Structures are given as C-alpha cells and as structure tokens.
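**Student:** Below: one structure in structure tokens.
Numbering (the working numbering), first residue to last: 5 to 390.
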C-alpha cells in the first residue's frame, strides 16, 4: 500500500471518528505557513545569495487529530497524532506520517503518563516543549540565528508529568530507542540503541515562569554507528525564565552542553570542512562542549507583537580524529541577533516579517585551519491556523 493510500485511510478513519466518538471529543487542527526569504551567506570568504519560498518558518506546518475520553472518576485517556509537512511542496516530513507527535496519554489527579513519539523537554517541539517555551522569545522559531543546543523528537518514549504543587511541576522522560528508522542501531531497549533521558522542573507564579532541565543521550555501544559522527554520550543543562511586565515580556536562557551533536549552529559537517575531510577519510569526534545564552523581549506594538533576541555560544569540538590521527580540537564561537513583527489579521491568521544575522566560527588550533560562516536573512510570510 502506498503512503498516499495509508494517509487517506487514516485521515478518513479519524475524521469519521469525530462524528461517532461522542464523548471522545476528537478535534482536527493544523497550521499552514508560507513566506518568502532572502538570504545572504558568506562561508570561508565565498558569498552566495538566494530568494526562496520558505515553508513553516514562523509556525511549523502541521495537521493533527487529538481527543480525550473520560473513563471513570478523574481518569481520562487521550491521544495526539500530528503530522508535519512542507506546504510549498506538499511532502511529509522525515518520511513519517506522524513525524511531529504520536502519543497516547492517561491522566488523572496523580498526573499524566504518555507513550509514543514526542519531543524532549529541550526540543522546542510538541506537548513537552518546556525549555524553549519558557526561556526563548520565539519558542525556537529562529533556527537560523539561535545557536542554542537542542534535542529532538524521539520514538518509543514514556513521559510522566506530575500535577502542579504551588506552581511547581515535574516532567520525566525516557526513550527506549530514539530513532526506530535507524537500521544501524541495535534493537529497542538494548545497550546498542541510542536512548534519551530527560527531566524538567517548571515553576510559575503570577507573571513569572521558569524552567530547569537536564537531558542525557546514551548513544549505545554500537561504535560502528558513529564511525563518522559523535562518539560520546551527550548531556545538557538548561535554565530559563520569563517575566511579563505588561508593557514588555522579558526572556532569558542559559545552557551548558557536553558531547552535543550541535552548538553555535555548527555540526560535524562543518568540522569535516574545517579539517579538509573527504569521502575517503574517516572522521570522529567527542561532540561539542560549551555554553550558550539568550536574552529576548516581546513588546506589544500597534496591535501586533515585536520580538527581539540576542544569542551567544562559546565552546569546543573535543577529541577530533581524522584517519585515526588525533587532532587538538576546534574552538567555536557564535553570535546571533534577530527581530520579528507579527500582526494578527484575525484570531487564526497572522502576517509576519523580520530580519536576522548569525555568525559561526571554528578555529582548529593545531593546524591553523579555520571555518567561518555568516548569514543574513530578511523574510515575510503569513500563517493560518485551523
């Protein structure tokens, strides 16, 4: 059966459920976001310019189904199935029908327990997006200039969220295997599978909100999986907060990461460029280590919302190896700044425009190799929710 037939069958079945479910309260929802973006980039002295249609920049394109049913007393069961797509091409994200989230949840006075595919507390995505929803002014929209460390969405995840006690709430997560489509890894729940652990404590009182989160990625012991990638287990600590003054809402976020896949908008591919690695070479490193910080503000202006943000990251790529030869590693530094204005045309439709700048730099101290990338963007678009 083709993906199209599968998708159609699921959509028809779930839409039919909305009429037959009664107390189940099934809802269809979504976002369609389209815009234009001009980008001027300069990498290692070479400049490039492009004007492109940009899909989902302000709000990720999605459609989904969610519903709840009361079982007995205060016990409820709910589900969320959310698909991501590119509106400019109509293609599904990541070769998955429900890439963004697919979860079943039991909830009661004791809290809630969810199982399925969902975002980590530091992913900036989905139901359990805690770090960025609290500490970052756009909730992880400005991916091209943020430079912060982010985790992702994980398969086979369990998430427990406690009730709120005097403004405090705890969230705990564990994934038995983060990516079931990765055939190079071992079986789910074994030591060869990459597993994710996450925990967050949020506190809200009046106009103040805060979050403290810890995340750990156990990459398993299947070293062949990471022959040309990060070989070290990763961890990150994030502390974020916001305060609404009425005339302005202020955001702040600081992070420390060790063994991270990315930091300062830099990845293994940038390291390979720095060290001149080609297809015939072997490459490995122990991830990025360092810290990142953000300060942002949102200000109501002329019926809309003006958002501004500053970003900084400083760190190092550790234990780099090229063809089994040890390298001293590379120092990294990142600066970013952005401003965006959102104006609501209605309760469901918003137009937006903005500009941003980001600069990433790697300096390989042992052989004077360097990598520098700068990017300036100007964009505008429209986002519609249903």
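No residue lacks a Cβ here, since even glycine has one placed at the ideal position from N, Cα and C. As the structure is a computational prediction, the values presented were derived from the model and not from experiment.
Should residue 269 be labelled buried (16 or more other beta-carbon atoms within 10 Å of its own) or exposed?
**Tutor:** The residue in question, residue 269, is buried, as its Cβ has 16 or more Cβ neighbours within 10 Å.
**Student:** Within 10 angstroms of the Cβ of residue 37, are there 16 or more other Cβ atoms? Answer buried if so, exposed if not.
**Tutor:** Buried: at least 16 other Cβ atoms inside 10 Å.
**Student:** When you compare only the Cα positions, how much space is there between residue 183 and residue 317?
**Tutor:** Cα to Cα, residue 183 sits roughly 28 Å from residue 317.
**Student:** Classify residue 267: buried if its beta carbon has 16 or more other beta carbons within 10 angstroms, exposed otherwise.
**Tutor:** Buried, because 16 or more other Cβ atoms sit within 10 Å of the Cβ of residue 267.
**Student:** With a cut-off of 8 Å on the beta carbons, I'd call residue 126 and residue 138 a contact; round off their distance for me.
**Tutor:** So it is not a contact: roughly 11 Å between Cβ atoms.
**Student:** Count the other CB atoms, across all protein chains shown, that sit within 10 Å of the CB of residue 154; report buried if there are 16 or more and exposed otherwise.
**Tutor:** Classification of residue 154: buried, given that the 10 Å Cβ count is 16 or more.
**Student:** Kindly indicate which residue of 239, 218, 244 and 220 has the alpha-carbon position closest to the one of residue 207.
**Tutor:** It is 244.
**Student:** Could you check where the beta strand (DSSP E) with residue 305 kicks off and where it finishes?
**Tutor:** Start and end: 292–305.
**Student:** Whole-angstrom Cβ separation of residue 312 and residue 366, contact assumed at under 8 Å?
**Tutor:** Not confirmed; about 27 Å, so no contact.
**Student:** With DSSP run on the structure shown, which of helix, strand or coil describes residue 277?
**Tutor:** Looking at residue 277 - three-state DSSP - the assignment turns out to be helix.
**Student:** Based on Cα-Cα distance, which residue from 196, 186, 176 and 181 lies nearest to residue 204?
**Tutor:** If we check each option's Cα against that of residue 204, 176 comes out closest.
**Student:** Taking all protein chains shown into account, decide if residue 114 is buried (16 or more other Cβ within 10 angstroms of its Cβ) or exposed.
**Tutor:** Classification for residue 114: exposed.
**Student:** Starting from the C-beta of residue 23, find all residues in its chain whose C-beta is less than 6 Å away, skip the five residues before and the five after it, and write them out in chain order.
**Tutor:** Low confidence applies to residue 23: its pLDDT is 42, below 50, so where it sits in the model is not reliable enough to give any reading.
**Student:** Would you mind reading off the limits of the beta strand (DSSP E) that contains residue 138?
**Tutor:** Here residue 138 belongs to no beta strand (DSSP E); instead the alpha helix (DSSP H) covers 135–139.
**Student:** So, is residue 363 buried or exposed, given that buried needs 16 or more other C-beta atoms within 10 angstroms?
**Tutor:** Answer is buried; the Cβ neighbour count reaches 16.
**Student:** Please return the same chain residues whose Cβ sits closer than 6 Å to the Cβ of residue 103, not counting the five positions on each side in sequence.
**Tutor:** Hits under 6 Å: 88 and 97.
**Student:** State the Cα-Cα distance for the pair residue 302 and residue 196, rounded to the nearest angstrom.
**Tutor:** Answer to the nearest angstrom: the Cα atoms are 44 Å apart.
**Student:** Quick check: what's the CA-CA separation for residue 58 versus residue 356?
**Tutor:** Cα-Cα distance, rounded: 13 Å.
**Student:** Could you name the residues that DSSP lists as bridge partners for residue 78?
**Tutor:** For residue 78, which the question treats as bridged, DSSP gives no partner whatsoever.
**Student:** Mind checking whether residue 122 and residue 100 have CB atoms under 8 Å apart?
**Tutor:** In this structure, residue 100 does not lie closer than 8 Å to residue 122 by Cβ.
**Student:** When you compare only the Cα positions, how much space is there between residue 120 and residue 306?
**Tutor:** Going from the Cα of residue 120 to the Cα of residue 306 covers about 42 Å.
**Student:** Are residue 246 and residue 223 touching if we call contact CB-CB under 8 Å?
**Tutor:** No, the pair does not count as a contact, with Cβ atoms beyond the cut-off.
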